[in-house]
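Everything on this sheet refers to the single structure shown next.
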Amino acid sequence: MLELGRTDFVGDGAAAVRITISVIYSLVCALGLVGNLLVLYLMKSKQVWRISSINLFVTSLAVTDFQFVLTLPFWAVENALDFTWPFGKAMCKIISYVTAMNMYASVFFLTAMSVARYCSLASALKGRRRRAHCCSARIVSILIWFAAVSAALPQAVFSTTFSVSNEDLCLVKFPETNGSSTQFWFGLYHSQKVLLGFLVPLGVISVSYLLLLRFITSKNINTSSAKRRAKVTKSVTIVVLSFFLCWLPNQALTVWGILVKLNAVNFSYEYYTMQAYVFPVSVCLAHSNSCLNPILYCLMRREFRKALKNLFWRMTSPTMTTIRPITASTKPEMEEQGHALVAGNAPVAPAVLFFPPGAVIYNDRRDLPQNST
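Here UniProt numbering is used: the first residue of the sequence shown is 1, the next is one more, and so on.
Quick look at the structure:
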């Protein structure tokens with residue numbers, strides 16, 4: 001979304017850059033919709049999946065990213081039209097608000113995932129079995145949504161359409177007040193974005209992982225327990241790092257803009273160039289994080305890969321389900337959670353494990369359907 005302080009020069013960006021960004025927005029939207037829907041489906045389909053705080057936060061993050069990518073087609077059209085907003089004032093407020101709200105919610109849920117992972121692993125590595133505090137996680141989720149809704153309120157109040165050279169632009173416009181210019185309010189507005197959307201979560205996440213690292217290196221822990229849970233910690237770490245790497249260029253340019261708006265740094269040609277050409281690219285990179293999270297989860301977490309493989313086999317091998325009803329189960333991985341996918345409605349079925357596609361084991365006897373390869 002544009003800002004009033006830079007509309008004079010952002011609109012003259014190269015057409016090739018704008019079209020490229022619009023195409024990338026469209027691709028990110030498509031991948032984000034498919035990926036986040038897949039994560040939600042896999043989370044819902046695990047019938048023996050015990051509800052825990054980390055899984056509740058994963059589901060909430062997928063919902064947040066799904067809502068976020070729904071706004072990308074509007075920004076793609078805006079970029080393609082040289083930042084002209086054709087959807088009207090009401091949609092400007094709604095889309096701007098939904099974008100900002102889900103941006104805050106995404107980073108808040110990532111922060112909660114890191115804290116929950118530290119608490120879970122620290123308790124497990126001490127040798128104590130820790131029950132999942134689902135009720136507490138639900139309360140935290142409600143508080144996160146309330147915080148995200150509140151943090152995005154400036155977008156809902158001050159987002160509007162503004163006519164520049166007979167073209168309507170969707171931007172944030174702060175009113176003039178006694179003794180305070182719009183540039184000052186813009187500085188405060190972006191300071192909130194950097195603090196709540198980047199620096200504070202970065203500090204909390206860093207402290208969580210540093211404390212976990214200190215705990216692991218200073219305590220005599222059970223080796224098998226550490227290895228079993230380290231895999232999940234690795235996946236959470238990669239998701240968190242991808243978020244901050246995607247958002248870092250945008251936040252750095254935002255800080256530069258804050259300094260210019262508060263007259264702490266002079267307006268320069270370098271600032272003009274970065275805001276006109278690099279800033280839109282940094283926004284595109286930041287938005288692409290919403291389609292990376294589901295991809296990373298499906299690739300990094302073992303239970304997701306197994307469930308995705310079973311789903312793929314069921315979709316590509318329909319003849320298997322017509323030969324005999326089968327039940328495919330995956331081995332529990334972390335926190336003693338079972339994961340199961342059912343492909344059929346057999347009244348009573350023995351435990352079945354998938355071998356190569358088409359191979360099924362019943363009571364230590366392998367049966368191969370005639371059309372198996």
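Note that beta-carbon positions come from the ideal geometry of N, C-alpha and C, so glycine has one too.
Note that the coordinates shown come from a computational prediction; the quantities given were computed from them, not determined experimentally.
Cβ-based burial, Gly-35 [other Cβ within 10 Å; buried from 16]: buried
Proximity test, Cβ basis, 7 Å: Thr-160 and chain C: Although the question refers to chain C, the structure presented lacks it and comprises just one protein chain.
In or out: Gly-203 buried (at least 16 other Cβ within 10 Å) or exposed? exposed
Report, in whole angstroms, the separation of the C-beta atoms of Ala-100 and Gln-183, which I expect to be a contact under 8 Å. Not really, about 20 Å apart at Cβ, beyond 8 Å.
Taking the alpha helix (DSSP H) that Phe-186 belongs to, which residues open and close that run? 182 to 194
Near Leu-296, what residues of its chain come up, given a Cβ to Cβ distance below 8 Å and the 5 sequence neighbours on each side ignored? Ser-235, Ile-238, Val-239, Ser-242
So for Thr-84, helix, strand or coil by DSSP? coil
Secondary structure at Phe-198, three-state DSSP: helix, strand or coil? helix
Using three-state DSSP, classify Ser-52 as helix, strand or coil. coil
If you follow the alpha helix (DSSP H) that Leu-38 is part of, which residue opens it and which one closes it? 15 to 45
Please determine, among Ser-22, Ala-16, Ala-15, the residue with the shortest C-alpha to C-alpha distance to Cys-284. Ser-22
Own chain partners of Trp-185 with C-beta closer than 6 Å, once the 5 adjacent residues on each side are dropped: Phe-174
Rounded to the nearest angstrom, what separates Val-265 and Ile-258 at their Cα positions? 9 Å
Per DSSP, what kind of secondary structure is Val-98 in: helix, strand or coil? helix
Quick check: the Cα distance between Asn-55 and Gly-197, rounded to an integer number of angstroms? 22 Å
Presumed contact (8 Å Cβ cut-off) between Val-207 and Val-255, rounded CB distance: About 22 Å; that fails the 8 Å criterion.
From Met-334 to Asn-250, what distance separates their C-alpha atoms? Its pLDDT being 43, under 50, Met-334 is placed unreliably in this model, and the coordinates cannot settle the point.
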